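**Q** Have a look at this one.
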Amino acid sequence: QLVVAGDHLQLPPSNFFNTNMSSEEEEGSDDALLEGYESILDICRSLLPERMLQWHYRSRDERLISLSNEHIYHNSLTTFPGNIGQSPIHFVKVDHVARHSGEAKSNPTEVGKVVDLMFKHAKETPDRSLGIIAFGVHHANQIEEEKFKRLRETNDQRCKDFFDDTDKAEY
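Structure, rendered in structure tokens:
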């Protein structure tokens, strides 16, 4: 018997941690049998019957899964309300600013606002961790560059302490 759990509607696995095999190892491998499949889940989906799990219990706050539940799962998941009072997700509207061709991948006004909010968090709630999700590597790099620029310019030790990463301190 075999039970495989996974979700083909989520992001596929990444090749980030794969290592290059030597040519000797490649000759003896059965990789040709796996060609065209991104994961063991895809292989199993082509061979075995599927059954959708109906309950989502992992989010501490159901608002974290509600968008996916509505748009991907068509409200078929049973979710559980969390005990977090304030929403973990915040919408902040940033006006569109016409960009130069070199800025096509990142809105500088948005980058500035994200960094403003990062510094506000560092000052007001330094005991809480902070995660920033960007919609691409270029955008993430722009945010990080602006953060380091402001850290070099600030005298606020709370911000410097909050963002201190002893492995990569660049400010």
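Using our numbering, the first residue of the sequence shown is number 811, and each one after it goes up by one. Note that CB positions come from ideal geometry on N, CA and C, so glycine has one too. Predicted model, so just to flag it, every value in this text is computed and none were measured.
Distance, Cα to Cα, Pro891 vs Glu872?
**A** Each residue's Cα considered, the two are about 5 Å apart.
**Q** Counting beta carbon pairs with one atom in the segment 948 to 966 and one in the segment 923 to 939, are three or more of them shorter than 8 Å?
**A** Taking 8 Å as the limit for Cβ pairs, the verdict is that the segment 948 to 966 does touch the segment 923 to 939.
**Q** Could you tell me if Ser939 is buried or exposed, where buried requires 16 or more neighbouring beta carbons within 10 angstroms of its beta carbon?
**A** Under this definition Ser939 is an exposed residue.
**Q** Could you tell me which whole alpha helix (DSSP H) segments of length 4 or greater appear in the segment 928 to 965?
**A** Runs of the alpha helix (DSSP H) inside the segment 928 to 965: 947 to 963.
**Q** How many angstroms separate the CA atom of Phe929 from the CA atom of Cys969?
**A** The alpha-carbon atoms of Phe929 and Cys969 are separated by roughly 6 Å.
**Q** Tell me where the alpha helix (DSSP H) around Arg873 begins and ends.
**A** Its alpha helix (DSSP H) spans residues Arg873 to His881.
**Q** What span of residues does the alpha helix (DSSP H) with Arg870 cover, start to end?
**A** Element bounds for Arg870: n/a, residue is neither H nor E.
**Q** Using only alpha-carbon positions, find the residue among Lys933, Asn917, Gln967 and Thr964 that is nearest to Ala944.
**A** Per the Cα distances, Asn917.
**Q** Can you tell which of Met862, Ile899 and Asp966 has its C-alpha closest to the C-alpha of Arg870?
**A** Cα-wise, what sits closest to Arg870 is Ile899.
**Q** Use the C-beta contact count for Leu961: other C-beta atoms within 10 angstroms, 16 or more gives buried, fewer gives exposed.
**A** Leu961 comes out buried.
**Q** Would you grab the beta carbon distance between Gly816 and Leu851 for me? Rounded to a whole angstrom, and I think it's under 8 Å.
**A** With 8 Å as the limit, Gly816 and Leu851 qualify as a contact, their Cβ atoms being about 4 Å apart.
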